[in-house]
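Residue numbers (my numbering): 227 to 808.
Printed below as a string of structure tokens:
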């Protein structure tokens, strides 16, 4: 499917730039329930910029409603859960859709899997103010009040629209200024679902659910037990929050959701063999909000997408979502330089082994090499799609860059020329990592695979076993014997390089694992997750060593200091946190 900029805006350079910027931002989302964008092209002046989306064979949810009327309960809850899951992925990337409606929800032929499409109104969180005050965009029938008033919007705007869609699934009509209570029109809708929809449709954003991930988990829990003879207890849903009661409400919410799920599991006759599923279900709901355990919190102007220590441990590079790189002096505790040049999100940043250079990769389809001491750009290495990951070889002579289009390009650092281009994956390459000796490269992708590559031949060695979902991050141990990977399945996977077999699968996180990193001595691993935590793992015992709390948003990146005594993590909450390694 191809989407082009409206010809009447083609002559406006600001409109062209905005179209391409938003398309690239949407292309950064790789998720089962979001239609993928694999090409964004800004043609020569006079032509029309366009994007190419994956083709989805099926029909829209609107067509389904027009054809068959209100949906059955299980089907409606399944669709709602998958919409919420797709929105959670978009929100984790810093995007809001702003036009969620049945016409923008596609249902694949066969399994009926949900695919959210048409991110034509999407905005990066940090770029919401680009819409002028009073300019209303969206579909009024599904629009949140603040959006209808032309006020500033955030991810909770999408949650209101999700509530409107759920309302329509059961009633074959959409919300109005004063919609009729669901029970008056369809008395068969269960009370627990009425409570969820009512909260999503709260006029005050603070009274709605605060994340799509929470909604997805709730709907998943109810869907799992709809066939049980015992009805699922409705969890306590906190009302309007205040500064004084916010933490208390959050704790009550999690405990009572967990209590409701536990009651269903017990009365439904679950036995000991279901313990793993019970743990998986309750883990994200029972996490407390303990005190911030970070030794140091470094605030930034926006989400921090990548962090890297200099080899001497004195400087921390922080990639901010506004396209800048901040250099933080750890001794002086301040920013000592800012690198400007990228025009979109920077998903990867890394120091060279000698600390003299820095490499960065961005959604603006470029890799840049920087002179650290001179605080200046050395080279721009162009690509044909968004860059999702970068890495220096151990000898500092080569840079690997993983792209949205499934390729990995290897660049000669000194000559700034391309050495090779590997068609590595069917999906975006989320992570690249050199093994010691620089003869082997590990890659992880949204296509649900992680692979090892022989760099002498450019051929695949093997696909790393154990992956059932998209892979966000890969890392190779300092001795080159183990590859670690993490992704959508929330499990830390360890693979033995020599045999190509899975050595361990370690559950523990409640949401996607965004980043994995080995300690310099290879005895520990750090992981960062969408569940807002950093975890440390002991590789000798294959057990979790510590869970570090403090972030209030997804943890995009983790890295050890060169001496192994500190872990740095960058988050969507706009901070870098430094943690002492216990």
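Each residue gets a CB set at the ideal place from its N, CA and C atoms; glycine is no exception.
All values derive from a computational prediction rather than experimental measurement.
For residue 714, there is no enclosing beta strand (DSSP E), as DSSP gives it neither H nor E. Distance from the CA of residue 683 to the CA of residue 620, rounded to the nearest whole angstrom, comes to 19 Å. Residue 396 carries a helical assignment under DSSP once its states are collapsed to helix, strand and coil. Secondary structure at residue 307: helix, using DSSP grouped into helix, strand and coil. By the C-beta density criterion, residue 778 is exposed, having fewer than 16 other C-beta atoms within 10 angstroms. By the CB criterion at 9 Å, residue 590 and residue 568 fall inside the cutoff. Beta-bridge partners assigned by DSSP to residue 320: none are found. The alpha-carbon of residue 518 is positioned some 4 Å away from that of residue 776. For residue 448, the enclosing alpha helix (DSSP H) starts and ends at 438 to 450. Residue 764 has 750 and 769 as its beta-bridge partners, per DSSP. In the three-state scheme derived from DSSP, where H, G and I count as helix and E and B as strand, residue 608 is classed as strand. One thing to note: residue 759 has its Cβ no nearer than 9 Å to the Cβ of residue 743. In the DSSP assignment, residue 565 forms a beta bridge with 551. Rounded to the nearest whole angstrom, the C-alpha separation of residue 644 and residue 741 is 27 Å.
A straight-line Cα-Cα distance of about 26 Å links residue 713 and residue 524. In the displayed model, residue 734 falls within coil according to three-state DSSP, outside both helix and strand. Of the other Cβ atoms in all chains shown, fewer than 16 fall within 10 Å of the Cβ of residue 602; this residue is therefore exposed. A direct Cα-Cα distance of roughly 42 Å separates residue 306 from residue 725. The continuous beta strand (DSSP E) containing residue 584 extends over residues 583 to 588.
Cβ contact annotation for residue 303 (same chain, cutoff 8 Å, sequence separation greater than five): 419, 445, 448, 449 and 452, in chain order.
Residue pairing by DSSP places residue 572 opposite 588 in a beta bridge. Counting other Cβ atoms within 10 Å of its Cβ, residue 526 reaches 16 or more and is therefore classed as buried.
DSSP places residue 743 within a strand segment (E or B) once states are collapsed to three.
The C-beta distance from residue 545 to residue 531 rounds to 5 Å, short enough to meet the 8 Å contact threshold.
In the DSSP assignment, residue 650 forms no beta bridge with any residue. Apart from sequence neighbours up to five positions away, the residues of its chain that approach residue 701 with a beta-carbon distance below 6 Å are 659, 710, 742, 743 and 744, ordered along the chain. For residue 282, there is no enclosing beta strand (DSSP E), since its DSSP letter is neither H nor E. With fewer than 16 other Cβ atoms inside 10 Å of its own Cβ, residue 562 counts as exposed.
According to the DSSP assignment, residue 342 belongs to the beta strand (DSSP E) that extends over 340 to 342. Of the residues 549, 798, 379 and 808, the one whose Cα lies closest to the Cα of residue 751 is 808. With respect to residue 731, residue 790 sits apart: the two C-beta atoms are not nearer than 9 Å. Of the residues assessed, residue 394 falls on the buried side of the cut-off, its CB having 16 or more other CB atoms within 10 angstroms. With respect to the C-alpha of residue 554, the residue from 539, 548 and 671 having the closest C-alpha is 539.
For residue 374, the enclosing alpha helix (DSSP H) begins and ends at 371 to 374. DSSP places residue 677 inside the beta strand (DSSP E), whose first and last residues are 676 to 680. The closest CA to that of residue 654, considering only 638, 637 and 629, is found on 629.
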